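K.L.:
Questions regarding the structure given below will be posed in turn.
Numbering (this note's numbering), first residue to last: 3 to 151.
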């Protein structure tokens with residue numbers, strides 16, 4: 003009975019390690035590509051450009067800590083020889099898709115702290131952004147379910 007509880011704990015740890023890593027990577031990619039390279043928006047666009055840049059810096063720090071936290075958990079799983087690649091990968095997809103869906107619905111639409119891009123045909127961008135997020139989440143769920151076999 004005790005052995006089953008140990009495997010359940012590592013199963014959850016595999017999922018959380020992947021989720022944190024995926025969340026951090028998605029946030030890092032978003033901040034690097036859409037904020038810095040394309041200049042589509044800042045994390046917080048309801049103030050001055052300087053405040054937007056500071057918000058981007060804090061957002062970047064968050065992505066860094068989430069990524070590193072996920073990698074520390076990943077390294078621990080590898081060290082203990084308890085890494086489940088499918089479950090971890092499913093967690094990564096859930097983290098990436100979860101971040102993207104949260105960003106697209108909560109930050110873009112409900113909180114309106116920024117839009118994906120300030121253009122006339124914004125609904126097209128929103129639709130693509132959120133549909134891709136849902137597809138990524140479905141892939142993550144599929145991998146997690148398959149990891150139990």
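Even for Gly, the Cβ is constructed at its ideal location relative to N, Cα and C. Given the structure is predicted, the values throughout are model-derived calculations rather than measurements.
1. Rounding to the nearest angstrom, what Cα-Cα distance links residue 86 and residue 17 in this structure?
2. Can you tell me whether residue 139 is helix, strand or coil according to DSSP?
3. I'd like to know whether the C-beta atoms of residue 98 and residue 28 end up nearer to each other than 9 angstroms.
4. Do the CB positions of residue 24 and residue 59 come within less than 9 angstroms of each other?
5. Taking only three categories from DSSP, how would you classify residue 70?
6. I'd like the span of the alpha helix (DSSP H) that includes residue 94, first residue to last.
7. Can you tell me whether residue 6 is helix, strand or coil according to DSSP?
P.N.:
Let me spell this out:
1. So the alpha carbons of these two residues sit roughly 9 angstroms apart.
2. DSSP places residue 139 in helix when its eight states are reduced to three.
3. Inclusion of residue 98 and residue 28 in the CB contact set at 9 angstroms is warranted, their separation being smaller than that value.
4. Cβ distance not < 9 angstroms, so residue 24 and residue 59 don't count as in contact.
5. Correct three-state label for residue 70: helix.
6. Counting along the chain, the alpha helix (DSSP H) containing residue 94 begins and ends at 87-104.
7. Annotation note: pLDDT 48 at residue 6 (below 50); position unreliable, coordinate value reported separately. Residue 6: helix per DSSP, three-state reduction.
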